[in-house]
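Residue numbers (our numbering): -15 to 274. Working notes, beginning with the structure itself.
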Amino acid sequence: MGDPKDRDAFVEWYPGGYGVGFKIKRLILDIQTKFQHLELYETVGFGKLLVLDGTVQLVEKGEESYHEPLVHPAMLAHPDPKRVLIIGGGDGGALREVLRYPVERVVMVEIDGDVIDVCRRHLGIDRGAFDDPRAEVIVGDGVEYLRNTEERFDVIIVDSTDPVGPAKMLFSEGFFRDAFEKLSENGVYVTQAGSVYLFTDELVDAYRNMLGVFDDVAYFSFPVIGYASPWAFLAGTKGEVDFRSIDLSRAEALSADLRYYDPRAHETLFWMPAYIRRELERIKREETRD
Ligand code: AG3
């Protein structure tokens, strides 16, 4: 929520009164969609800012600092991803990054069609991805889609709002089970998992739930422009895929275009503050004992 005393800025307040904000030039759009409150601003230094239910989704100048670590480690950990599913991601940033690979088909299921329309009209960060013949964009409930689809996917990417509120479901054990089932024999599932410092409990819970389902689970973090960083991500694998080692030869072809995620420094992704790493490791020992 913007502070009324501070009308020339938009500030997102996290638990404990930790704020992340941008100076703004003007409000472009303020609408209530069927699902959420959507605001779009022109900022002073970071291009346009998209806000959903008071939480920063992206700024134009810097959104790659989220979309690159969300997409590339998973796409490079899988030996040959051909079919990809994205849940959420209405702005098209994740879809754009996936389409850099020689994939056959990418399905994106976004619940809020208004987010897609607003992003297409005002943002364009998809850079043509929505019109790519390999992409199928579905406006619908990702939870239901995943439960009912007969397809299998090499990579499943969840680009949702936070593990609190309406998207909580996407971090439940039941949902992870559906996702695991719909992965190909060798597959990778990756999700954003909230602020490392400010949503630690949600991160730990999601990690525990994933450990109960996937063959292996990796946690990682990245500094994201516009979010309370570091930001957490979780990756679950099925079969032979090892999320810790990526194919550097395929990465070389992309490296010049990547601004934030550095495939040569892949192992730095796995940094966590010591006390949180200890907590995650403790959970892992507990979960793998029984
Ligand atoms: N991903 C949104 C991540 C959640 C940000 N959370 C926050 N600011 N509290 C969707 C937008 C990027 N495609």
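No residue lacks a Cβ here, since even glycine has one placed at the ideal position from N, Cα and C.
| query | result |
| --- | --- |
| Would you kindly check if the distance between the Cβ of lysine 32 and the Cβ of histidine 106 is under 8 Å? | yes |
| Would you say glutamate 186 and glycine 178 are within 8 Å of each other, going by their C-beta atoms? | yes |
| Excluding the 5 residues preceding and the 5 following tyrosine 245 in the sequence, name in chain order all residues of the same chain whose CB lies nearer than 6 Å to its CB. | Glu52, Pro53 and His56 |
| Is any heavy atom of the ligand AG3 found at a distance shorter than 7 Å from the C-beta of glycine 149? | no |
| Tell me which same chain residues have a C-beta within less than 7 Å of the C-beta of glutamate 263, skipping the five on either side of it? | Val188 |
| Reducing DSSP to helix, strand and coil, say where alanine 240 ends up. | coil |
| Go to threonine 221, then tell me how far its beta strand (DSSP E) extends in each direction, as first and last residue. | 215 to 222 |
| Within its chain, find whatever has a CB closer than 7 Å to the CB of alanine 113; leave out the 5 residues flanking it on each side and keep chain order. | Gly76, Leu79, Arg80, Leu83 and Ala119 |
| In whole angstroms, what separates the C-alpha of proline 257 from that of serine 213? | 12 Å |
| Of the choices Asp143, Pro147 and Lys166, whose alpha-carbon is the least far from that of glutamate 134? | Lys166 |
| Using CA coordinates, which residue listed in Lys66, Pro63 and Asp101 is at the minimum distance from leucine 24? | Asp101 |
| Under a three-way DSSP split, which group does tyrosine 2 fall into? | strand |
| With DSSP run on the structure shown, which of helix, strand or coil describes isoleucine 70? | strand |
| Taking the straight line between their C-alpha atoms, what separation do you get for aspartate 116 and methionine 92? | 12 Å |
| Quick check on histidine 62: does DSSP put it in helix, strand or coil? | coil |
| With DSSP run on the structure shown, which of helix, strand or coil describes methionine 92? | strand |
| Please specify which runs of the beta strand (DSSP E), each continuous and at least 3 residues long, are wholly inside the segment 89 to 147, giving them in chain order. | 89 to 94, 119 to 123 and 137 to 143 |
| With DSSP run on the structure shown, which of helix, strand or coil describes aspartate 14? | strand |
| To the nearest angstrom, report how far apart serine 229 and valine 123 are at their CA atoms. | 34 Å |
| In the DSSP assignment, find the alpha helix (DSSP H) that holds valine 82 and state where it starts and stops. | 77 to 82 |
| Judging by CA-CA distance, which residue of Pro86, Gly72 and Ser233 is the nearest neighbour of aspartate 143? | Gly72 |
| With DSSP run on the structure shown, which of helix, strand or coil describes isoleucine 8? | strand |
| State the start and end residues of the unbroken beta strand (DSSP E) segment that holds valine 174. | 167 to 179 |
| Please state if the CB of phenylalanine 204 and the CB of phenylalanine 164 are separated by a distance shorter than 8 Å. | no |
| Is the distance from the Cβ of tyrosine 50 to the Cβ of tryptophan 215 below 8 Å? | yes |
| For lysine 32, write down the residues that DSSP places opposite it in a beta bridge. | Glu26 |
| Nearest-angstrom Cα distance between methionine 194 and glycine 220? | 7 Å |
| Between the Cα of lysine 268 and those of Ala190, Val43, Ile15 and Val180, spot the shortest distance and give me the residue it belongs to. | Ala190 |
| Return the bridge partner residues of leucine 275 from the DSSP annotation. | Past the boundaries of the shown model lies residue 275; the chain is included only from -15 to 274, so the question cannot be answered. |
| If you follow the beta strand (DSSP E) that aspartate 200 is in, where does it begin and where does it stop? | 200 to 206 |
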